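Before any comments, here is the structure.
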Amino acid sequence: MIRSVRLMLVALVLTSGWNAIAQDAPEAKPARVGLWNGKAPIGDGQFQDAEVFITVHRAAKPNGAAIVICPGGGYGGLVTGGEGHGIAAWLNKHGITGVVLEYRLPAGRTYVPLLDAQRAIRTVRARATEWGVDPARIGIMGFSAGGHLASTADTHFDEGDPKSTDPIARVSSRPDFAILIYPVISMGDKTHQGSKNNLLGANPSKELVDLFSNEKQVTDKTPPTFLAHAKDDTVVVPENAQMFYAALQAHKVPSKYLELPSGGHGLNGYQGPMWDAWQEQSLAWLGELKLLQPSTDKAK
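In terms of the working numbering, the sequence shown opens at residue 63 and continues consecutively.
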């Protein structure tokens, strides 16, 4: 019986697309899902006994798009309220599945946050049918240091390891788009020093600084990206977003930079006209790129 139901669901997806299931899906409670089965990599083939969680917030009327959300916190903490679950609730109102990532803090292990972000994208893509998601419309969003992590995932990705015994590891970690709000981007002169110290350590090599200065990592393969930053942000200066946008434009990557006239870092505490502006314009931008509509690209 169970097998026949599964076969019917597969046939429905193949003939009618993800939308045939997604539009009829009942509203689900947020699901907290582990990413690493208790063995989380730290780089160089080493692992730690730890788990990393995503919380999947599914919309009552999903349109198939999903966004992995990276809260800020200077790589020393996680602001999972206003820059996490609150964002997922807003996305749900617009039919978008919000996936809050509680990434590990680096604490001297530079690659740990990126490994978690890549795994989150792979997991959502691997479980797309189960969660009513279109695997070709999975984005990543980040705020402040979480914006740095999102921009790192936006520029450091792979197509998966087809030889892996882990089905999730076989899936692409490339996001289909990114939304970066008052992001840390550079590890150079314009960086947020606390984020840099927490991610790279006190005396990083030039090679490491360049690798995680994401304005230097943009290529013509970088996904479409939306950025917003307040002119009066003195915590993370807006040159971060401006440099990334300039690199995107130079490589002809579809992109938009929203320069906000005020709001500072955190945009007046996640409220008011500046906060509303990036939300409205990012959704409009996604609509212009048809990322809020079903896609025929199922290859990823």
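Glycine included, every Cβ here is placed at the ideal spot set by N, Cα and C.
If you're wondering where the values come from, they're calculated on a predicted model, not measured in any experiment.
Considering only DSSP beta bridges, list what residue i is partnered with.
i	result
Ser317	Thr287
Gln110	Ala102
Gly160	His119, Ile129
Val95	Ile116
Ala292	Leu322
So what's residue i in DSSP terms, helix, strand or just coil?
i	result
Glu277	helix
Ala84	Per-residue confidence for Ala84 stands at a pLDDT of 44, beneath the threshold of 50, marking its modelled position as unreliable; no derived number is given.
Met203	strand
Glu192	coil
Ala212	helix
Glu221	coil
Ile230	coil
Ile149	helix
Ile241	strand
Gly256	helix
Lys155	helix
Val186	helix
Ala198	coil
Arg181	helix
Ala90	coil
Indicate whether residue i and residue j have their beta-carbon atoms separated by less than 8 Å.
i	j	result
Leu211	Tyr165	yes
Asp238	Leu353	yes
Ile129	Thr185	no
Pro286	Phe205	no
Leu329	Lys293	no
His291	Gly136	no
Gly146	Ile158	no
What distance in whole Å lies between the Cβ atoms of residue j and residue i, which are believed to be in contact at a cut-off of 8 Å?
i	j	result
Val162	Val246	Val162 to Val246, Cβ: 19 Å. No contact.
Arg181	Leu97	5 Å
Ala90	Arg120	5 Å
Gly144	Tyr319	In fact, because the Cβ distance is near 22 Å, the residues do not count as touching under 8 Å.
Pro168	Asn265	Pro168 to Asn265, Cβ: 15 Å. No contact.
Pro92	Gly194	With 8 Å as the limit, Pro92 and Gly194 do not qualify as a contact, their Cβ atoms being about 14 Å apart.
Counting only the same chain and skipping the five closest in sequence on each side, list residues whose C-beta sits under 8 Å from that of residue i.
i	result
Gly170	Gly263
Lys252	Val299, Glu301, Asn302, Met305
Ala334	Residue identity check: residue 334 is Gly in the sequence provided, not Ala. For Gly334, where only same-chain residues beyond five positions count, the Cβ hits under 8 Å are Gly325.
Leu351	Phe239, Pro286, Pro316
Thr296	Gly326, His327
Keeping to the same chain, check which residues put their C-beta closer than 6 Å to that of residue i; ignore five residues upstream and five downstream.
i	result
Ile241	Met203, Phe288, Ser344
Ile104	Gln110, Arg171, Val174
Gly222	Arg232, Val233, Ser234
Ala190	Pro197
Could you confirm whether any beta carbon from chain B is found closer than 8 Å to the beta carbon of residue i?
i	result
Val297	No chain B appears in this structure, which consists of one protein chain only.
If I measure Cβ to Cβ from residue i and keep anything under 7 Å in the same chain, skipping five residues before and after, which residues do I get?
i	result
Met249	Lys258, Leu262, Val271, Phe274, Ser275
His156	Leu345
Asn99	none
Tyr307	Leu289, Ser317, Tyr319
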